[in-house]
Structures are given as C-alpha cells and as structure tokens.
Amino acid sequence: MKKILFIIPCIPYPLTTGGNQAFFHMVDYLRDKMSVSILLYPKGKEKEDVEELKKIWHNVNFYIFTEQMNEPETRHPYYYKWLKKIASSATRKMHRQLFAYNKDVVRRDMTLTSSIFEPLPSKYAEYISTVSRSGFDIIQVEFYPLISLGYLLPEGVQTIFVHHELRYIRNENEMTFLDRVTDEERMLYRIGKDFEHSALQTYKHVIVLTEVDRQILIDFIGEENRIHVSPAVVPMTDACDKQVVPTGFRLTFVGSEGHYPNLDAVVWFCQKIAPCLRSQGFHFTFQVVGPWKSSYVRELQMSCPELELVGYVEDLHNFLNGSIVLVPIRIGSGMRMKILDAVSSKAPFVTTTKGVEGINFHHEEECLIADSALEFASAVIRLAGDPDLQVKLANQAVEQLQKLYSPQKMLDRRLAVYNQIL
Numbered sequence: 005m006k007k008i009l010f011i012i013p014c015i016p017y018p019l020t021t022g023g024n025q026a027f028f029h030m031v032d033y034l035r036d037k038m039s040v041s042i043l044l045y046p047k048g049k050e051k052e053d054v055e056e057l058k059k060i061w062h063n064v065n066f067y068i069f070t071e072q073m074n075e076p077e078t079r080h081p082y083y084y085k086w087l088k089k090i091a092s093s094a095t096r097k098m099h100r101q102l103f104a105y106n107k108d109v110v111r112r113d114m115t116l117t118s119s120i121f122e123p124l125p126s127k128y129a130e131y132i133s134t135v136s137r138s139g140f141d142i143i144q145v146e147f148y149p150l151i152s153l154g155y156l157l158p159e160g161v162q163t164i165f166v167h168h169e170l171r172y173i174r175n176e177n178e179m180t181f182l183d184r185v186t187d188e189e190r191m192l193y194r195i196g197k198d199f200e201h202s203a204l205q206t207y208k209h210v211i212v213l214t215e216v217d218r219q220i221l222i223d224f225i226g227e228e229n230r231i232h233v234s235p236a237v238v239p240m241t242d243a244c245d246k247q248v249v250p251t252g253f254r255l256t257f258v259g260s261e262g263h264y265p266n267l268d269a270v271v272w273f274c275q276k277i278a279p280c281l282r283s284q285g286f287h288f289t290f291q292v293v294g295p296w297k298s299s300y301v302r303e304l305q306m307s308c309p310e311l312e313l314v315g316y317v318e319d320l321h322n323f324l325n326g327s328i329v330l331v332p333i334r335i336g337s338g339m340r341m342k343i344l345d346a347v348s349s350k351a352p353f354v355t356t357t358k359g360v361e362g363i364n365f366h367h368e369e370e371c372l373i374a375d376s377a378l379e380f381a382s383a384v385i386r387l388a389g390d391p392d393l394q395v396k397l398a399n400q401a402v403e404q405l406q407k408l409y410s411p412q413k414m415l416d417r418r419l420a421v422y423n424q425i426l
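The opening position of the sequence shown corresponds to residue 5 in this note's numbering, with each subsequent residue numbered one higher.
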C-alpha cells in the first residue's frame, strides 16, 4: 500500500466543526486503501481527543509532537512556566485596554496580520522534518497556518497542500467591511498575498474544495495541471429517511466563533437582519450551534434577545431538522460545510451568494439566496410562512447533493487524485 502522511494544525476530533468532519470522513475512507499516518500537535485537553481518535483509527499511525517536546532548555523550568503565564495574562489584559481593539471587531479578528510568514516553533519544525523523511509516497499539509511547510518538506516526495480557504480572497472580503483601509493594512495585504503565492509554489500539487477556487488559483499561480478539485464529504446515510419538518419561527446557524467569517455572519444577522425581521412583526428564535463564549457575543445578546447560544450538539442533523438554517456568510472561499449539514438534515436554508459559492445550488430551486439585510429578512419571512416551499427546497437540495456530491463519489474522487499524482 502507498504511504501517505497528513500534517494538520488541529485535532480532527470530536466532530464539532466542518473542517473536522471533512478530514475525519476522508481519512476514515482512505485508511483501508492506503497506509495512513497523521502528525499532530495536541495541546492541553486535546491529548484526550487524540487518545479517543486512536481507538477509532486502530490502523492509522500517529506521530505526536507534545508541548513538553517544545519546551526550551531553562535554568529553572517551573519558574519559566510561571513567567510565561504571567506574560500571557498581561498581554490579554493589555489588549482589553485598547479602545480600538474592543470597538472594532473586524480589525480585532481579521487575518491580515496572520497571513504573512510566521516561524513555527523550531523543535516542531525539526520534528516534522525528521518524520517527513521516513519514506512516504505522499505528504499532505492542510490549513493555512501550516502553508510554510512546503519550504521544509523533502524534494523526493509528492507534496500536496489542501487549501480549504484562499487566504488573500478572505482578506479582500474582510477589507471591504472596514470603514477605512489604512496604508499599513494595504501593505500587509500585499505582503500576505505574495507570501501565499510563493508558499503554494513550494508544493507539487494543490487541492481545493470547489471549481470556483480552482479557477481563482489557476489565475493566481498558473500550472493548471497541478491544481485539483476534491470537495468535502458529509455522510448522508439518513437524509433520505428524514422528513422535512416545516417551521415558522426556529432559525439556526452552525459554526464556531473562532472562525471570523462565522462571527461576522452572526453579528450581521443580529445587528442588521434581526431588526428587519422585528420591524415586519416576525417572531423568531435564532439558535447558534458551536463554541461561542466571548464577552462580545454575550453583549450581542443584549441587543438581540432572540439569540440563543446552544453550544455543542451531539446529533447535529436531528437538531437542524425542523428549523430554517441561515448562512449569512459574507467572507471567505471554499466549501461551506454548514450548507451540506443543512441539506443532510432535510432543513431548508437561506444563504448569501458568498455562502453558496462553489456549490451548484440555485435560488428558488434548492435554497433562497439574498445579499442585503432587507432581502435576507424578506427571504426568511417568506420561507417561514410557506411550508410547501420549505419541503420543496429541502427535498430538491437533497436530490442535487446526492447527484453532485455523493459521499462515495467524492471519496473515490480523492483517491483518484492520489493515484493520478503517484
């Protein structure tokens, strides 16, 4: 069997995010067809998640880099850790004192400053370098924080970078929501774009999730033959058995606060769309699934009392069934797992053009699409008041998803990409 090594910056378990789901289902399929290894860097309680994952993937090789391995040599280790905690706490407190930091959510969480090259911990880089020279046929790196690894990996291996979200496109989207773009921000954008271009060139192949992103990358870096499309996978084992449960008031959103496009979507809904719904006498509950804990979001609940933070949901598809899923996404690229989750739950959804970008769904056929706050609110009210339309859109979305994005076809497609590369 051919040997493949996956290097990712996060722990793909539990399946609480779209990225975790996509990665988990892909590896779960591949581990019986290739010799699969994964290099992880768990921190804190993530070590427990890795142990659970090992029980599920008994035939996967795990390379674990630990926090202890990254500790520098010090004269007094415990004193050094104590000083690190003080420094970290002081940094957080200093940020809270910055007026602009607290006031401007976009600038606080935008990715401009994290899009330029940042050195990885030296011992972590050395560990990756050592492991990557262990005779693999393919080494695959996922997610932007590790894009610089292309400079480190050995030449005699087929290297792949999976680009879940084109970073310079996301930066462009975020900058459109700033009242004024500073000269420094323009500089950071250009530096980040140049770095992304150079880093992608260090990989022999790039995988994106949609044809839209593939065309963008062809224009960006050229070399069409080394850019492949392999969509994310969401199991649909029970989608056909579910019934569409029409609703008139329960609205849901799936996504974590840690991903800024999700935060922007929730803020836009609460500040702009919700007032439009209220002004038309529409009563609703807006349930947000995922980890949302910041003080800013709690303050947002004061202005939008309909906002309900439900946290992690054990059975997401059953939870979404019987709701109208909202995808008010305005930033980013790639494939929106939240849409695939909605369809797999037999839940109708309202989205923006950006939210459904790259997925072959159409307005009035599989969903409703609206790009202004007033249009989005009107689409929600219309859908909530028309049970027949809810049933029609949800059923047609399942049919389209099965036709275009059948999980088995997508898994076979990824394997075909690897065979082509080899």
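All C-beta atoms, glycine included, are put in the ideal place defined by N, C-alpha and C. None of these values were measured; they are calculated from a predicted model.
Note down, in chain order, each residue of its chain lying with its Cβ closer than 7 angstroms to the Cβ of M114, except the 5 sequence neighbours on either side. E178, Y264
Hey, D198 and H167 are a contact pair by Cβ (cut 8 angstroms); roughly how many whole angstroms apart? That belief does not hold up - the Cβ atoms of D198 and H167 are roughly 16 angstroms apart, past 8 angstroms.
Which of helix, strand or coil does DSSP assign to K59? helix
Are three or more beta carbon pairs between the region 400 to 407 and the region 377 to 385 nearer than 8 angstroms? no
I need the boundaries of the alpha helix (DSSP H) containing H321, first residue and last residue. 320 to 324
I164 and Q144: beta carbons closer than 8 angstroms? yes
Which residues in the same chain as N175 place their Cβ atom closer than 8 angstroms to its Cβ, once the five residues preceding and following it in sequence are excluded? M114, T115, L116, S119, Y193, G196, K197
If you check the beta carbons only, do G362 and E169 fall under 8 angstroms apart? no
Kindly identify the DSSP beta-bridge partner or partners of L372. V354
How about I385 and V360: do their beta carbons lie closer than 8 angstroms? no
Is it true that the region 147 to 163 meets the region 74 to 93, where meeting means three or more beta-carbon pairs spaced less than 8 angstroms apart? no
Where do the N-terminal and C-terminal ends of the alpha helix (DSSP H) with H201 fall, by residue? 187 to 205
Complete alpha helix (DSSP H) runs within the region 254 to 300 (minimum length 4 residues, chain order): 264 to 272, 278 to 283
DSSP state of G359 mapped onto helix, strand, coil: helix
Of the choices E368, P125, N364, whose alpha-carbon is the least far from that of P352? E368
If you drop the 5 nearest sequence neighbours on each side, which residues of the same chain put their C-beta closer than 8 angstroms to that of S202? none
For the beta strand (DSSP E) holding Y67, just list the boundary residues, first then last. 65 to 68
What number of angstroms, rounded off, separates the C-alpha of K58 from the C-alpha of Q275? 43 angstroms
Mind pulling the beta strand (DSSP E) runs of 3 or more residues that sit fully within the region 206 to 252? 209 to 212, 231 to 233
How many angstroms separate the CA atom of A278 from the CA atom of Y45? 40 angstroms
Going by alpha carbons, who is nearest to N322 out of S298, P13, T256, K127? T256
For the beta strand (DSSP E) holding V329, just list the boundary residues, first then last. 328 to 331
Those residues which DSSP pairs with L44 across a bridge: I68
The region 9 to 26 contacting the region 35 to 44, beta-carbon criterion three pairs below 8 angstroms: yes
Can you round the beta-carbon distance between I425 and H209 to whole angstroms, since I take them to be within the 8 angstroms contact cut? 6 angstroms
What I want to know is whether the C-beta of S348 ends up closer than 7 angstroms to one or more non-hydrogen atoms of the ligand FAD. Ligands are entirely absent from the displayed structure, and the ligand FAD is therefore not among its contents.
Ordered along the chain, which non-local residues of its own chain (more than five positions away) have a Cβ less than 6 angstroms from that of A104? In this predicted model, A104 has a pLDDT of only 45, less than 50, meaning its place in the structure is not dependable; the value taken from the coordinates is given anyway. Cβ neighbours of A104 beyond the five flanking positions: none.
Backbone secondary structure at V315 - three-state DSSP: The sequence as given places Gly at residue 315; Val does not occur at that position. Reduced to three states, the DSSP call for G315 is strand.
Residues that F181 bridges to, as DSSP identifies them: None; F181 has no bridge partner.
Looking only at its chain, what residues have a beta carbon closer than 7 angstroms to the beta carbon of R418, apart from the 5 residues adjacent to it on each side? M30, S234
With respect to the beta strand (DSSP E) encompassing D146, which residues constitute its N-terminal and C-terminal limits? Checking the sequence shown, residue 146 turns out to be Glu, not Asp. Segment 142 to 146, the beta strand (DSSP E) holding E146.
Between which residues of its own chain and G326 is the CB-CB distance below 6 angstroms, once the five residues before and five after are set aside? V249, T251
Less than 8 angstroms between the CB atoms is what I'm expecting for V238 and L320, so what's the real figure, rounded? About 10 angstroms separates the two Cβ atoms, so there is no contact after all.
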